[in-house]
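Colleague: Structure below; questions to follow.
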Amino acid sequence: MKKQFQKKLKEKLEKEREIIQRELQKFAKKDVRLKGDWDTRFPYFNGEAGGAKMEKAANEVEEYETLLPIEYTLETKLKNINLALGKIKRGEYGICEKCRKPINIARLKVCPEARTCLKCKI
């Protein structure tokens, strides 16, 4: 793989990593115990009662439940980006993890964090 192409993909991966981390910071916090893990913030309730307060609490829990799959998706993408950046650093980038053949350049342009070739992905 050409060094210039690999450099462009590295820059793209680094930008994408920053975007994902900023997005996660809006609703989650890093779990310091587990590297690469984020935890969606659960709403805090101080035990207040009343119809309007209970409705607000229910809405916040619903929003929390909506954010969990988003957190998981962003976390997974971030993990794959970090793996790809590590492979670039080690000189192992662009090789399918299953069949060990080079990943098609067109695939890497679209999905630079790809871990497998299209044949093995299926």
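Per my numbering, the sequence shown starts with residue 57, numbered consecutively.
Think of the CB as a built atom: it goes at the ideal place given N, C-alpha and C, for glycine as much as any other residue.
(1) Answer yes if the segment 79-90 comes into contact with the segment 59-67, meaning at least three C-beta pairs across the two stretches below 8 Å, and no otherwise.
(2) Using 8 Å as the cut-off, can you tell me whether the segment 160-170 makes contact with the segment 64-71, which would need three or more C-beta pairs spanning the two stretches below that distance?
(3) Hey, how far is the Cα of Arg-146 from the Cα of Val-117?
(4) Assuming Glu-70 and Trp-94 make a contact with CB atoms under 8 Å, what is their CB distance in whole Å?
(5) Helix or strand or just coil, what does DSSP make of Ile-159?
(6) For Lys-133 and Ala-108, what's the separation of their Cα atoms in angstroms?
(7) Given this structure, state the Cα-to-Cα distance separating Lys-112 from Lys-86, to the nearest angstrom.
(8) On a Cα-Cα basis, can you pick out the residue from Lys-91, Thr-96, Arg-73 that is closest to Leu-84?
(9) Within the 8 Å Cβ cut-off, does Ile-126 reach chain B?
Modeller: By the coordinates alone:
(1) Short answer: they don't touch.
(2) With the rule of 3 Cβ pairs closer than 8 Å, the segment 160-170 counts as touching the segment 64-71.
(3) Stepping through the sequence shown from its first residue, residue 146 is reached at position 90. Stepping through the sequence shown from its first residue, residue 117 is reached at position 61. In this model, Arg-146 and Val-117 are separated by some 43 Å (Cα to Cα).
(4) Mapped onto the sequence shown, residue 70 falls at position 14. Mapped onto the sequence shown, residue 94 falls at position 38. Actually they are not in contact, since the Cβ atoms of Glu-70 and Trp-94 sit about 19 Å apart, beyond 8 Å.
(5) On the sequence shown, residue 159 is found 103 positions in, with the first residue counted as 1. Reduced to three states, the DSSP call for Ile-159 is coil.
(6) Numbered from its first residue, the sequence shown carries residue 133 at position 77. Numbered from its first residue, the sequence shown carries residue 108 at position 52. Their Cα atoms are separated by approximately 38 Å.
(7) Reading the sequence shown from its first residue, position 56 is the one you call residue 112. Reading the sequence shown from its first residue, position 30 is the one you call residue 86. The straight-line gap from Cα to Cα measures roughly 26 Å.
(8) Mapped onto the sequence shown, residue 84 falls at position 28. The question names Leu, yet the displayed sequence has Ala at residue 84. Checking every option, the nearest Cα to that of Ala-84 belongs to Thr-96.
(9) Absence of chain B from the displayed structure is noted, only one protein chain being present.
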